[in-house]
Amino acid sequence: MPAVTTPGYLVRRLEDAPTVPCPCGESTRPLTRSETPVCNLHVTFIQDSVRHYHKECTEVYYILEGQGKMELNDDVVEIYPGTVIYIEPRTWHRLYSEQGVRTIVFGTPALKPEDEFFD
Numbered sequence: 650m651p652a653v654t655t656p657g658y659l660v661r662r663l664e665d666a667p668t669v670p671c672p673c674g675e676s677t678r679p680l681t682r683s684e685t686p687v688c689n690l691h692v693t694f695i696q697d698s699v700r701h702y703h704k705e706c707t708e709v710y711y712i713l714e715g716q717g718k719m720e721l722n723d724d725v726v727e728i729y730p731g732t733v734i735y736i737e738p739r740t741w742h743r744l745y746s747e748q749g750v751r752t753i754v755f756g757t758p759a760l761k762p763e764d765e766f767f768d
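In the working numbering, each residue carries its 1-based index in the sequence shown increased by 649.
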C-alpha cells in the first residue's frame with residue numbers, strides 16, 4: 650500500500666518503506682526528513698555501528714530484538730528487548746552486538762545527513 654499523505658498526517662506501512670544501508674547497518678525508514686523536518690522513525694538492524702554523534706538530533710532507541718552493548722560517551726550499557734536509550738545531541742554513541750539488534754530509532758528534529766559526525 651502506498652503512503653497516504655494529506656495535509657495534517659501521513660500513514661505508511663513498514664513493509665512499504667525503503668530499506669537502505671547506513672553507517673549503523675541496514676535501516677527501513679517509514680518516516681524521514683523528506684516527509685517532515687520534525688522527526689524521523691527508522692527500524693534498523695545493527696551489529697557494529699560506527700561511533701558518532703549528532704549536533705542537532707536527539708535520538709531515542711527502543712530495542713525490539715537481540716542483545717548487545719551501547720557505548721554512550723565513556724560508558725557502556727547492556728541492551729536487550731524493552732531497553733530504551735535516550736541520546737541527547739553531542740553524545741558519542743555506538744551499538745554493537747554479535748548476533749545483531751533490531752531497534753526502532755526515533756529522532757527529532759529529523760536527521761540530516763550532514764548531522765552525523767564520526768570518530
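Where is the CB? At the ideal position from N, CA and C, for every residue including glycine.
Where Ile734 and Phe766 are concerned, what is the direct C-alpha to C-alpha distance, given to the nearest angstrom? 19 Å
Which residue's Cα is closest to the Cα of Thr721: Gly731, Lys761, Glu708, Glu714? Correcting the residue identity first, residue 721 is Leu in this sequence and not Thr. Looking at the Cα atoms, Glu708 is the closest of the given residues.
Note down, in chain order, each residue of its chain lying with its Cβ closer than 6 Å to the Cβ of Gly657, except the 5 sequence neighbours on either side. none
Are the CB atoms of Gln716 and Tyr729 within a distance shorter than 8 Å? yes
Runs of beta strand (DSSP E) lying entirely within the segment 676-712, each at least 3 residues, in chain order: Look at the segment 676-712 and you find these whole runs of beta strand (DSSP E), each 3 residues long or longer: 689-697.
Exposure of Leu680, with buried meaning 16 or more beta-carbon neighbours within 10 Å: buried
Going along the chain, which residues of its own chain have a beta-carbon closer than 6 Å to the beta-carbon of Ile736, five neighbours each way excluded? Glu708, His742
Roughly how many whole angstroms lie between the Cα atoms of Thr655 and Glu684? In this structure, the straight-line span from the alpha carbon of Thr655 to that of Glu684 is close to 11 Å.
Per DSSP, the bridge partner or partners of Cys671: Gly674
For a test of the three-state rule: what should DSSP assign to Leu744, helix, strand or coil? Looking at Leu744 - three-state DSSP - the assignment turns out to be strand.
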